[in-house]
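Novice:
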Amino acid sequence: MRVRRLLPLLLAATVVVGCGDDSGAGDAAAKPKPVDAGTAVRTPAGLLRWMADNPARASLVVLPDRGTPLTYNPGRPMPLASTRKVLIAGAAVEAGGLRGTIARSAVERFYVPGTDGGSHRKARLTAARLPLADVAEAMLALSDNAAADALLERVGAARVDAWAAAQGMREQDPIYPLLGEFAAWGRDAEWTQKSPRERAVEAAALARTVKPSEVVREPIADSRSLTGASVAGTAAEWAALLRRIERGGTPQLRRLLSWPLRQTPKLRAKVSSFLAKGGTLDGVLTDVSYVRARGSRSGAAVALFLRDLPADVQKTLRERFTQQTLAQQLALDPAFREKARAVLAPADD
1 MRVRRLLPLL LAATVVVGCG DDSGAGDAAA KPKPVDAGTA VRTPAGLLRW
51 MADNPARASL VVLPDRGTPL TYNPGRPMPL ASTRKVLIAG AAVEAGGLRG
101 TIARSAVERF YVPGTDGGSH RKARLTAARL PLADVAEAML ALSDNAAADA
151 LLERVGAARV DAWAAAQGMR EQDPIYPLLG EFAAWGRDAE WTQKSPRERA
201 VEAAALARTV KPSEVVREPI ADSRSLTGAS VAGTAAEWAA LLRRIERGGT
251 PQLRRLLSWP LRQTPKLRAK VSSFLAKGGT LDGVLTDVSY VRARGSRSGA
301 AVALFLRDLP ADVQKTLRER FTQQTLAQQL ALDPAFREKA RAVLAPADD
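Position 154 of the sequence shown, counted from 1, bears residue number 154 in full-length UniProt numbering, the numbering being contiguous throughout.
#1: If we count Cβ pairs, one from each stretch, closer than 8 Å, do we get three or more for the stretch 220–236 versus the stretch 183–192?
#2: For residue 129 and residue 103, what's the separation of their Cα atoms in angstroms?
#3: Ordered along the chain, which non-local residues of its own chain (more than five positions away) have a Cβ less than 8 Å from that of residue 111?
#4: Using only the alpha-carbon positions, how far apart do residue 200 and residue 50 sit?
#5: I think residue 291 touches residue 305, with their Cβ atoms under 8 Å apart; what is that distance to the nearest whole Å?
#6: Among 71, 91, 164, 296, whose alpha-carbon lies nearest the alpha-carbon of residue 270?
#7: Jot down the residue ranges of each uninterrupted beta strand (DSSP E) in the stretch 231–293, minimum 3 residues, whole runs only, in chain order.
#8: For residue 129, which beta-bridge partners are listed by DSSP?
#9: Give the straight-line distance between the Cα atoms of residue 310 and residue 74, rounded to the nearest whole angstrom.
#10: Quick one: what's got a C-beta closer than 6 Å to residue 82's C-beta in the same chain, skipping five residues either side?
#11: Does the stretch 168–182 come close enough to the stretch 234–250 to have 3 or more Cβ pairs within less than 8 Å?
#12: Going by Cα to Cα distance, which pick from 244, 157, 262, 285 is closest to residue 300?
#13: Opposite residue 300 in the DSSP bridges: which residues?
#14: Whose CA, out of 158, 132, 141, lies closest to the CA of residue 151?
#15: Classify residue 258: buried if its beta carbon has 16 or more other beta carbons within 10 angstroms, exposed otherwise.
#16: Is the distance from the Cβ of residue 80 to the Cβ of residue 209 below 7 Å?
#17: Residue 197: buried (16+ other C-beta within 10 angstroms of its C-beta) or exposed?
#18: How would you call residue 341, buried or exposed, if buried means at least 16 neighbouring beta carbons within 10 angstroms?
Next up, the structure:
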């Protein structure tokens, strides 16, 4: 299983992409050529159509500060991948503002090579003692799994779950260590049949005893069935969380989630606020964000969750970041949002 971070998309401009057929007006009698799914999702409009055709695999909520929310399977539990790390950050900030340091060894003991797309290496956490703020930055900006597990151990899973509940997240699964989850995949044949709470207890126990070198990687087919049973949440609660953080969250948490503006400073010319966290597992892509355009007094929170993705669809999305482009257009362009509403209306609950 390979977990890869999603890089921020450079907002060159907000382009309205129609949700209808964007082919040319050729011969009406000509039979259209079939388009494979991987090609179809190269554009935001194509991804919307794919979502409409695959309602069991997609969930979307857009909460604009002004206007009518857009919802598509808003209450369906969906695997979160690395998006779950936002909850660890929130609880860590509340617990002490990420003051102080942590031993590098306390982070390294959770590192499972080959499971984070090189994020841990890119984080360059090399000092003997690491500022907790730097570990949190690595967790959110680079999606470093070891950093996430180290912070989770320090803060405590119970406190993370309590913080999520305090934000109104009643449907949120318990948070547990990635190391323990990866270890369980190769040890527990009944993992996917267990309840979220049972998985949390088992993953926590394994994280305390298993060494990263003992983690067994499953073949891709098995991995996809396992990732579908990973920590889950709903788009409705996650969009509400991002908007709540933007409106009333602590400055430190807002700053941590504003990492796209630090990684790509030229974004500041386009947007005044950009909080984001994406995630990916085999068959899973997630993206939560709050975006407000420069000069505007209102923005929008977006939670977009995709699961059980065919390999060609996921490959295209990971290469082109179409899901991020879609989320940003939904946040910044009300006209595009209404076109999306028309496409997704049949499954809107």
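Note that the Cβ used here is the ideal one computed from N, Cα and C, for glycine as well.
Specialist: Reading it off the structure:
#1: Yes, the stretch 220–236 is in contact with the stretch 183–192.
#2: So the two alpha carbons sit approximately 4 Å from each other.
#3: Result list for residue 111: 120, 145, 146, 212, in chain order.
#4: Looking at the two C-alpha atoms, the distance is approximately 33 Å.
#5: At roughly 17 Å, the Cβ-Cβ gap does not stay under 8 Å, so residue 291 and residue 305 are not in contact.
#6: Ranking 71, 91, 164, 296 by Cα distance to residue 270 puts 296 first.
#7: Unbroken beta strand (DSSP E) runs of no fewer than 3 residues, entirely contained in the stretch 231–293, are found at 271–281, 284–293, following chain order.
#8: Looking at the DSSP output, residue 129 sits in a beta bridge with 103.
#9: Rounded to the nearest whole angstrom, the C-alpha separation of residue 310 and residue 74 is 22 Å.
#10: Scanning its chain for C-beta atoms nearer than 6 Å, with the 5 sequence neighbours on each side dropped, one finds around residue 82 the residues 143, 279, in chain order.
#11: Yes, the stretch 168–182 touches the stretch 234–250.
#12: Answer by Cα proximity: 244.
#13: Paired residues: 64, 291.
#14: Looking at the Cα atoms, 132 is the closest of the given residues.
#15: In this structure residue 258 is buried. Its beta-carbon is surrounded by 16 or more other beta-carbon atoms within 10 angstroms.
#16: Inclusion of residue 80 and residue 209 in the CB contact set at 7 Å is not warranted, their separation being larger than that value.
#17: It is exposed - the Cβ of residue 197 has fewer than 16 other Cβ atoms within 10 Å.
#18: The residue in question, residue 341, is buried, as its Cβ has 16 or more Cβ neighbours within 10 Å.
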